[in-house]
Structure formats: structure tokens, C-alpha cells
Amino acid sequence: MSDEEQVSYKIKADVPSCEGYANCVVAAPEYFDLDDDSGLVVVLQDDVSPDQKAHVENAIRSCPVAALRLDTIRE
Amino acid sequence: MNITIIGTSVAGVKAAQALRAQGYDQQITIFGSETGPIYDKPALSKEFLRGEIEVEGNLLLSDEDVCSLDLDLRQGHRAVGLDTESRTVTFDNGETWGYTILIIATGARSRTPLWEPREGMHELRTLEDAHGLRRSLESGDDAVIIGAGFIGSEVAASLATRGGRPYLVDPLSLPMQRGLDDHTGTWYRDRHEAEGVRLRLNAGVDVIRGTDNDFEVVLSDGQILPTSTVVLGLGAQPNVEWLASSGLTIDDGVVTDGYCQAIGVENVYAIGDVARVHSPKSGRAVRSEHWTNAVDQAGFIARHITGTDRGGGPFASVPYVWSDQFDWKMQIVGDVAGEQRHVIGSPAQHRRGAVVYPDSEGRFGRSIIVNWPRALIMSRKAAAAGTPARELVAALEEIL
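Residue numbers (our numbering), protein chains in the order written: chain A, 1 to 75; chain B, 1001 to 1400.
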């Protein structure tokens, strides 16, 4: 990776896989919530800066049904 | 420098992933006693048992993950000994392995039953167990399930959903009585009965007669239940025998300090079902057999080992447990429950319900929630913030 390369990350949620455990909401409430009616995940902001990557990955890893992932964006 | 993880279930795998996420870039070696795909366990009593998914849809760690995380994965290795002086682990094939930091994540196994094992008698803990049970049920969904804990109740619900009429036997008076309270236990008893599960509560098992998928389960009250399949849901015991001569403190699990570090030795951690971690809040060492607890401890030690916890203090996490039965999703937050409780709604009448317990000082202690996402979020936030229970109860009554 060159120094000039800008790396950022984007949250992708597979909403139909979500079963509403809310582990992501507890781990990173500034990124995730559950919809009141469906009980399924809502991504509040999908852009993740490098300094927040480990924090968001921690939330993603806590999903019991692996409905979340973090994509790397290189620009 | 190498970090060695013993165990390829949720605690061990999540620890490896968390270490990478925290930037640890040196060697990670994971040993597992099983061979084959590295799978997750919660679905084994539910979607997998009902035949709705196969193991490919239930992986904890894929081959691609092993590559992308640069993990040194060694399966088919059962650890049989630990020497904390020489910092080595010995395996059943005679191999010895040196570690810099050791993470013990050997989990728990089904409690040994009083009855001699026979063809058609199943535990449900591993993928192999689940395959065996599925095969046994091919001839029909009739089964006697002994033990109405979470797994036994989930198996009963799965079989009833497929049209079976399983027996569910337990010496206690309600299903999941150790994990629920009598109010929510009654919700579940009634639902199981309505779905055709034949509950035999307040009943022990005297003897299991027969063999080869042709059994008679004789209950303590004299009833005889004929069946082709017996499922044993008797609970679990930690896999600690391999540590007997290690010098670690073993007492219903590997006893650790508040940082998941084994007492009295350096560079040895224990996490997940096998670990009994000191809780500063209660002053006791607690062993928890739940998925989220294993994930939380894995993340915690990864931050501790990499020094990214910024002196964040000992492990603290509000217990979170779930169980899916029929179309009811149960979620339990917290484990502090006094005499007082507040019941809001009921899944049979309102499609959703919750029971909230204050702790001894009136703050949030515990919620048992059925089919109510907002109540779950609010309870988990109340637990984290120490909100007064009555505020949570008022807010839930408002939105019921």
C-alpha cells in the first residue's frame, strides 16, 4: 500500500439474514440499530474510517448469523 | 513470538479474528480436536436439525478466512497436557508444541449420562452428534428428549415444527426452569403443549430399556414412553481433564482473574465455556456457557494482549442469552434478579412480552424478552447505563 493510497471501509449488511440479536447495536451503537417493527438491523452510517475499523470489526464479529461485513474501499 | 489457541469453537476462532483485527501480525496457531469444517453450534439444535441448512451455511471459519487471516490451523490434535514451566502443550499424537502466549478455549462437552450409550441415543453438542440425530430421525420425528433445558426445549420445538410429537422430560416443574423464571417458563410450557410437545415435567427417568432405535423410557412415576430416538439434554461440563497436572487452578473450569488470565501462571488465558472468570462486580468466579460471552471474552483478551484496551479494567459484560423456539425469539439480558418483577405483555396475547427484574438497588437487573426487538435494545442499553428498572418498565408499557 502506497502512502498516497486512501483506504476507507464500508459496512455491508445482509438484512434478510439478520435475526435481531442486537449484538452489533451493543458493540457499536453509533453504527447500528434495529428497526422497531421488523427487528432487523439498520446501518446508521456505513462509512468507516481506518481508526474506527477495529471497533466496527468487533461489532461485526459479534453477529451470531454473520449478517455483516466490512468492505475495503481503495481510492 | 506465537500465540497458540487450543480449541476451534466460537471462543478460539473469535479470539484469532479479534487478534488480527487489533493489529497483531505475528504467528497465530490454532489446534482443534475435530477435523472437517469449522462450524458454529447454535444452529445445530434448530435450522440444522430441521434440515433447513447444511454445514456450509453454518461455518464459523472458512478456508478463505484461514488464508486471509494468515492462521496456522492444525486440526485433529487433541491437547492432553500442559507444562507452564517449559511453556509447552502436548497432543494425543505425542507432538509437543511451544507457545509464547496460550489461549485455552477447549469448551465443554455433554455431561456423561447415567445410561450406557446405545444406537439411537444421542447427545447434541457437536456436528457429528447433530448428523447422528438427524439420521436417527429419518424414520420419524418421534423422540424422547431427556432434559428440558435450552437445547432440549429447542430440539422439542424443532421436531414439533416438523410435525412430530416428541416427549420432553424433566424433573423440574417448567421447561428451562434454571434459565428462565416461572412466569416465562409458563409461557413456554403452554406453547410447547399447544404445538404438540408431550411434556412430562416433575418426572425423572428410572431406566432406559432396549437398544438400536427401539427403546422404552421408564419414568419415575411408572409411565413408559416407547420411542425410536432418545435425545439427552443433560447439560455440559468443561473440558479441563487435559490440564489435571498443569498446576492451573481447576474448579468447574479453569479459574482466572478478572482479565481471563489463569491464576498463578503467566501468559495463559482461558475463555468461553471452559473459563471461570473472576467478576469484580459479584466477587465470584463465573463460568458461562453462552455464545455472546465467548465472543466478548475473545475480544477482551485480544485487546488485552495487544495493549489496545488502554487500561480499560477487567472483563465486564452483561450476560446475553437467546433461544429460538417455534416462531418465538427469546432473549435474556442480565442475570441479577430479586423478588420483585414487572410483567409487560405476553407473547400469546400481545405477540410479545417481557419480564423485567430490578437489582437490589432498583437499577436494571434482568430482562426476559419474547419477540420484542425494541425491548431488547432498551434492556441492553439500560443494562449498560445502569438505568432504574422502573424507567425501563414505564417506557415498555408505553410502547407495548
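Just so you know, even glycine gets a beta-carbon here, dropped at the ideal spot from N, CA and C.
A check of alpha carbon separations from residue 1239 of chain B across B:1368, B:1080, B:1205, B:1286 identifies B:1080 as the nearest. Contact between the segment 1064–1075 of chain B and the segment 1012–1030 of chain B is established, with three or more Cβ pairs separated by less than 8 Å. With contacts defined by Cβ atoms closer than 8 Å, residue 1007 of chain B and residue 1107 of chain B form a contacting pair.
Under the Cβ criterion of 8 Å, residue 57 of chain A is counted among the residues facing chain B. Bridge partners of residue 1353 of chain B according to DSSP: B:1345, B:1370.
For residue 1041 of chain B, the number of other beta carbons within 10 angstroms of its own is at least 16, and it is reported as buried. Judged by pairs of C-beta atoms under 8 Å, the segment 1205–1213 of chain B does not touch the segment 1148–1162 of chain B, as fewer than three such pairs exist.
In chain order, 21 make up the part of chain A whose C-beta sits under 7 Å from the C-beta of residue 1322 of chain B. Contact check between the segment 1305–1317 of chain B and the segment 1352–1368 of chain B: fewer than three CB pairs, one atom from each, fall below 8 Å, which does not count as touching. By the neighbour-count definition (other C-beta atoms within 10 Å, threshold 16), residue 1255 of chain B is a buried residue. Residue 1303 of chain B has its alpha-carbon roughly 10 Å from the corresponding atom of residue 1297 of chain B. An exposed status is given to residue 51 of chain A, since fewer than 16 other beta-carbon atoms sit within 10 Å of its beta-carbon. Along the segment 35–60 of chain A, going in chain order, the ones with a CB nearer than 7 Å to a CB of chain B are 36, 39, 54, 57, 58.
Two segments are said to touch when three or more pairs of C-beta atoms, one from each, lie closer than 8 Å; by this definition the segment 1117–1127 of chain B touches the segment 1224–1231 of chain B. Secondary structure at residue 1296 of chain B: helix, using DSSP grouped into helix, strand and coil. Scanning A:29, A:18, A:48 for the CA closest to the CA of residue 1384 of chain B turns up A:29. From the listed residues B:1029, B:1010, B:1021, the smallest Cα separation to residue 1059 of chain B is found for B:1010.
For residue 1131 of chain B, the enclosing alpha helix (DSSP H) starts and ends at 1127–1136.
Straight across, the Cα-Cα distance linking residue 1322 of chain B with residue 1353 of chain B is about 15 Å.
Note that the segment 1084–1095 of chain B does not touch the segment 58–68 of chain A; fewer than 3 beta-carbon pairs, one per stretch, sit closer than 8 Å.
Membership of residue 1083 of chain B in the beta strand (DSSP E) is indicated by the continuous run 1079–1083. Exclusion of the five residues before and after residue 1214 of chain B leaves 1228 as the residues of its chain whose Cβ lies within less than 7 Å of its Cβ.
By the 16-neighbour rule on beta-carbons within 10 angstroms, residue 1293 of chain B is buried. Its Cα nearest to that of residue 1001 of chain B, the residue B:1306 stands out among B:1012, B:1306, B:1347. If you draw a straight line from the Cα of residue 1186 of chain B to the Cα of residue 1138 of chain B, it is about 31 Å long.
Here residue 1245 of chain B is exposed. Its C-beta has fewer than 16 other C-beta atoms within 10 Å. Judged by DSSP secondary structure, residue 36 of chain A falls outside any beta strand (DSSP E); it is assigned neither H nor E. The secondary-structure analysis by DSSP pairs residue 1027 of chain B across a beta bridge with B:1002. Considering only beta carbons, the part of the segment 1366–1382 of chain B lying closer than 7 Å to chain A consists of 1373, 1374, 1376, 1377, 1380, in chain order. Around the beta carbon of residue 1373 of chain B, a 10 Å sphere encloses 16 or more other beta carbons of the protein chains shown; the residue is thus reported as buried.
By the beta-carbon neighbour count (other beta carbons within 10 angstroms, threshold 16), residue 1379 of chain B is buried.
Taking C-beta atoms under 8 Å as the contact rule, residue 74 of chain A and residue 5 of chain A qualify, at a distance of about 6 Å. Between the segment 1023–1035 of chain B and the segment 34–42 of chain A there are fewer than three C-beta pairs closer than 8 Å, too few to call the two in contact. Only residues of its own chain outside the window of five on either side were considered, and among them 1160, 1165 have a CB closer than 6 Å to the CB of residue 1196 of chain B, listed in chain order.
Beta-bridge partners assigned by DSSP to residue 1054 of chain B: none are found. Collapsing the DSSP output to three states places residue 1340 of chain B in coil.
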